[in-house]
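Student: The sequence shown runs 249 to 379 under our numbering. Beta carbons: idealized from backbone N, C-alpha and C, even for Gly. In this text the structure is predicted, and so the values were computed from the model without any measurement.
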Amino acid sequence: MKRSSHFVIRYGLLLTMLILFGGILIILDRFEIRQRTAVDLIVRDGHCTAYIARTEGNSIVPGDTLHLHKGNTEQPFVVEQIAHEPSYVVADLHPAGESAAAAQFLGPDSKTTVYLYTHSVKLRDLVFKKL
Numbered sequence: 249m250k251r252s253s254h255f256v257i258r259y260g261l262l263l264t265m266l267i268l269f270g271g272i273l274i275i276l277d278r279f280e281i282r283q284r285t286a287v288d289l290i291v292r293d294g295h296c297t298a299y300i301a302r303t304e305g306n307s308i309v310p311g312d313t314l315h316l317h318k319g320n321t322e323q324p325f326v327v328e329q330i331a332h333e334p335s336y337v338v339a340d341l342h343p344a345g346e347s348a349a350a351a352q353f354l355g356p357d358s359k360t361t362v363y364l365y366t367h368s369v370k371l372r373d374l375v376f377k378k379l
């Protein structure tokens, strides 16, 4: 009896810590975080112009569909043409789908900030980059 109690005390904590560490590694490997960038959207006469900050790997071409997010709502827009500035990619957009849904998405203001999800990053990459 004394021998088994000594074994649990001696190796139980180590075994518990190893199981917890393994669980943390599995969680870090499985989960991803979506990265987003802010997009300034200016509306004039039913025509939308988006100012998207230039980032590495962010390539947008005419004909692409951008799914812009504002709160919990998402609205697709189709890129008509693109102009490149030193800090921004300026894209002329028109709504894909219902124009009533797009009008509700944009709201009454002529300028609004929406978000564009650009890519996903593994949680393990974020954690081990900090170490």
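In terms of alpha-carbon separation, which member of D293, I272, R302, K378 lies closest to H342?
Tutor: As a first step, residue 342 must be located in the sequence shown, where it is residue number 94. Nearest option by C-alpha distance: D293.
Student: How do the region 262-274 and the region 359-369 stand: do at least 3 beta-carbon pairs fall below 8 Å, yes or no?
Tutor: Short answer: they don't touch.
Student: Compute the Euclidean distance between the alpha carbons of G271 and Y365, then round it to the nearest angstrom.
Tutor: Working through the sequence shown from its first residue, we reach residue 271 at position 23. Working through the sequence shown from its first residue, we reach residue 365 at position 117. Answer to the nearest angstrom: the Cα atoms are 28 Å apart.
Student: On the DSSP bridge list, what partners appear for K315?
Tutor: Stepping through the sequence shown from its first residue, residue 315 is reached at position 67. Here the sequence assigns His to residue 315, which means Lys is not the residue at that position. Beta-bridge pairing links H315 to P324.
Student: Taking A298 as part of the beta strand (DSSP E), name the residues at either end of that continuous run.
Tutor: One-based indexing of the sequence shown puts residue 298 at position 50. Per DSSP, A298 belongs to the beta strand (DSSP E) from 295-301.
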